[in-house]
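Residue numbers (our numbering), protein chains in the order written: chain A, 1 to 491; chain B, 1001 to 1491. Every residue gets a Cβ at the ideal spot worked out from N, C-alpha and C, and that includes glycine. All of these numbers come straight from a predicted model, not from anything done at the bench.
Following this line, the structure appears as structure tokens:
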């Protein structure tokens, strides 16, 4: 099975597509641009959700649920927001179908036209701030720290599984605060939660930064993001956190009475990560044999494959393995004993490599005699024979080591592929021939940013939050600049 | 606050509406028929989800995610399904908006009309069975046991928070099997899961049964349901499990090759519960003071209210309480210490009664001196003074007792309100003057069922799975009947 996977060096994009499908993560559906997330892919997403949800709750947030539909007029309320969001979206115009008397089948009932069209939410700021108007009156109602897990729809013309789909799953946090400072603090705090999650669970190093005006969320005062580097040298924006100022409060007339009795508009933030993270996870670590999953997000952390010819051999192996399985489970390690008799060990080995199971154990009759087990790790493909006694602790440590190893490898890759450019020629050469992140001076204008994008396809991913301040000249215009910004060609 | 609640005896329906809103469970949104589920309501739903999800996984099911949109033509494939589902639904006809040059605002772009309209899923059998066609080829691919947590939309004309809303949240299981027997077994097994969940977590006794043809799911061979009785004597269908035969497999051409090499259509089931369960939970147990939540689903199981006048009194109480809080948390009990200085104890007492917190502790300076605490249980409103030492164990037992007590009370209510009718006059009298469940003989025809409904509003909720077989005469037509069926006026 794994053999059919396109090699990364051959066609990275095709490799990704092949891998997502062959590893049973997702597939395209009958509806243009919408994906089906298959059980194995969904199990990874559930693990991501569980960790993120825990982190949100630990930082004081509560979940709620707001409607899928947004009245069309809501989008017009915030001037920038409408420009950015109300265009490519799914519009509900009718609420009934009827039998087609002439041609059979069913047709839209023209009598069931909605007075005002409803938009399937592409993001929920408008409906949520329209609701917050009734929830917020006094400073005692603040802060309001709410998150929702939901599906959203953006009618993308060119879609790719997980990376860009018409419908996707995400979480969107929407918070309300009494002061500007508190809202900014929240924006940065949630960026920190995303960065912790990416680095400590997904094992993907990310750069935290602020977006330029061009790349800002429609309606935000400032957009912050975490940016990750994929193996093909392209950047992937992996999460955003927006400081919305008082924009939505003004658009939806949400005011509060402060401690001193003065009425003021509420300050707000919003922040989100989506099933796009699944794409990042696949592209950051996997290889030509298949997925490489960080143990903390792997639905199956350890697979045990029995090697046998005769039924009594399998019985002996099963007997020995059963206590190992319970010991691993007792440690909170998810384990699968694959004693399926229809598949050969070689097929299973390839299958679990494809699926990215971090640790594989193989046990044959000789191992039973010798009290040993063959253990192999997915990330490095290294194998060794270890005593079966005490192997639980060994596996536990190995899972920790793999988690760290995958992160270190991704970090090394990013370090090797982050370069500085001091001239326009050098910049073009790096972007076109090396890819990766390029740190370069920029004059701070959208005009220059647009021209650089036109000529090289590279965009400013962010202005890193931790950044050396130094005098320099814009690589494109030669105008003075005080810091380098992070360029890359992005997904 | 609690005072503003309409009393049940005055207007049950208004009491329900008041309670859902005042207890911060949900509210109506700006979009007709769609609700906002507020954080407190959502926290209860999350607890329900967590338990159900665990039960589904323990019975071998996996989660996945299928598209929100269903191509219109899919509905026409299964003849009964289209009759039942394709009518009152939200239809997406366009995928773009544009600026309205003349009047400002935005309008639907007429150039962005979809070739085929998309329906927002009212249920997902069609899109899922269209997908299963590519997943199922051999008997080795079966059984396929999949569930999804999702939002669905049915364009209801008269909506009520949780009980009937245009958009609602639910889970829908869709399974595929090699044999008719196995599919029926799955249908009954999942009905059992729902019944276990209702009785052991929601503390609501339910009757398991099979639906008559009139009440069957559109496209099912048989629909099974669990039926609960609310305090106003109306029945609430709380979960359904459908044996779909080969209907959807035939409609979407899903066949498998059996062990003997013969091709056959796949057998299937589907089953679901929704946020409607929130309505059942509220209506089954709550009283004129507010919610009564079973401890297993209460977001806050224990609230501690300090009674004090001076700051140093609060400090002493807080100090004593802090170890109690950690001890309770260590036992897995969720606890809130409400030391908010802006609200008086009386206000807090009423608030937590409204919110249905199962156990309330009140601690004042005299309690600190005496080593005591006042404990009161929400279900019976009984109070007592107990020693603070050892109160953790006391609370733990009390929570178990409350869980049982609530169930027992609901069961007693149902027993008292389940009656037999042996004549048409008796039946009408019971339905109109007593409500509740009425067991009566029926001749087995839809015609009779419809007439009984027209004259009394009562419907056959189900034919109980556990049912005495006895000779009798239909209360309406006098024709022979072999068993009584369960009638009630239903939500």
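Cβ closer than 8 Å: which chain A residues qualify as neighbours of residue i?
i	result
residue 1046 of chain B	63
residue 1342 of chain B	140
residue 1167 of chain B	67, 68, 69
residue 1042 of chain B	62, 63, 64, 65
Which residue or residues does DSSP assign as beta-bridge partners of residue i?
i	result
residue 144 of chain A	A:176
residue 1304 of chain B	B:1337, B:1361
residue 472 of chain A	A:481
residue 1437 of chain B	B:1418
residue 374 of chain A	A:362, A:385
residue 1290 of chain B	B:1287
residue 459 of chain A	A:488
Consult DSSP for residue i and reduce its assignment to one of helix, strand or coil.
i	result
residue 1386 of chain B	strand
residue 1044 of chain B	helix
residue 32 of chain A	coil
residue 1 of chain A	With a pLDDT of 46 at residue 1 of chain A, under the threshold of 50, the modelled position of that residue is not reliable, and the figure given next carries that caveat. In this structure, residue 1 of chain A counts as coil in the three-state DSSP scheme.
residue 1295 of chain B	helix
residue 380 of chain A	coil
residue 316 of chain A	helix
residue 1111 of chain B	coil
residue 1419 of chain B	strand
residue 1430 of chain B	helix
residue 1486 of chain B	strand
residue 1023 of chain B	coil
residue 274 of chain A	strand
residue 405 of chain A	helix
residue 1010 of chain B	coil
residue 1118 of chain B	strand
Output the distance between the C-alpha atoms of residue i and residue j, rounded to the nearest integer angstrom.
i	j	result
residue 216 of chain A	residue 81 of chain A	11 Å
residue 1008 of chain B	residue 1356 of chain B	16 Å
residue 1433 of chain B	residue 1420 of chain B	14 Å
residue 175 of chain A	residue 223 of chain A	15 Å
residue 1060 of chain B	residue 1298 of chain B	27 Å
residue 1266 of chain B	residue 55 of chain A	43 Å
residue 1218 of chain B	residue 1468 of chain B	29 Å
residue 478 of chain A	residue 167 of chain A	43 Å
residue 236 of chain A	residue 227 of chain A	6 Å
residue 1028 of chain B	residue 1354 of chain B	19 Å
residue 448 of chain A	residue 351 of chain A	49 Å
residue 42 of chain A	residue 202 of chain A	15 Å
residue 360 of chain A	residue 377 of chain A	6 Å
residue 1136 of chain B	residue 35 of chain A	18 Å
residue 1344 of chain B	residue 1338 of chain B	11 Å
residue 149 of chain A	residue 170 of chain A	6 Å
residue 1122 of chain B	residue 1153 of chain B	5 Å
residue 373 of chain A	residue 462 of chain A	48 Å
residue 561 of chain A	residue 220 of chain A	Residue 561 of chain A lies beyond the stretch modelled for chain A, which goes from 1 to 491, so this question has no answer here.
residue 1400 of chain B	residue 1367 of chain B	25 Å
residue 415 of chain A	residue 16 of chain A	23 Å
residue 1180 of chain B	residue 1057 of chain B	23 Å
residue 300 of chain A	residue 66 of chain A	34 Å
residue 1488 of chain B	residue 1453 of chain B	10 Å
Given the structure, does residue i come close to the ligand GTP, in the sense that its CB is under 7 Å from one of the ligand's heavy atoms?
i	result
residue 1387 of chain B	Among the components modelled here there is no ligand, and therefore nothing to report on the ligand GTP.
Residue i versus chain A: which residues are under 9 Å apart at the beta carbon?
i	result
residue 1155 of chain B	95, 96, 112
For residue i, go through chain B and note every residue whose CB falls closer than 9 Å to its CB, in chain order.
i	result
residue 105 of chain A	1072, 1073, 1075, 1076, 1082
residue 131 of chain A	1027, 1029, 1030, 1036
Name the chain B residues whose beta carbon is nearer than 8 Å to that of residue i?
i	result
residue 87 of chain A	1096, 1097, 1098
For residue i, go through chain A and note every residue whose CB falls closer than 7 Å to its CB, in chain order.
i	result
residue 1474 of chain B	Those within 7 Å of residue 1474 of chain B in chain A number zero; the least Cβ separation is about 34 Å.
Residues of chain C with a CB under 9 Å from the CB of residue i: which are they?
i	result
residue 108 of chain A	Note that chain C does not occur in the displayed structure, where the protein chains are A and B.
*At 4 residues or longer, and completely inside the region 46-105 of chain A: list those alpha helix (DSSP H) runs for me, N to C.*
72-75, 79-85
*Please list the segments of the alpha helix (DSSP H) lying wholly inside the region 1321-1367 of chain B, counting only runs of 4 or more residues, in order along the chain.*
1345-1354
*Can you list, in chain order, the stretches of the alpha helix (DSSP H) that have 4 or more residues and sit fully within the region 194-272 of chain A?*
247-251
_Start-end ranges of the beta strand (DSSP E) lying completely within the region 123-170 of chain A, minimum 3 residues_ = 144-153
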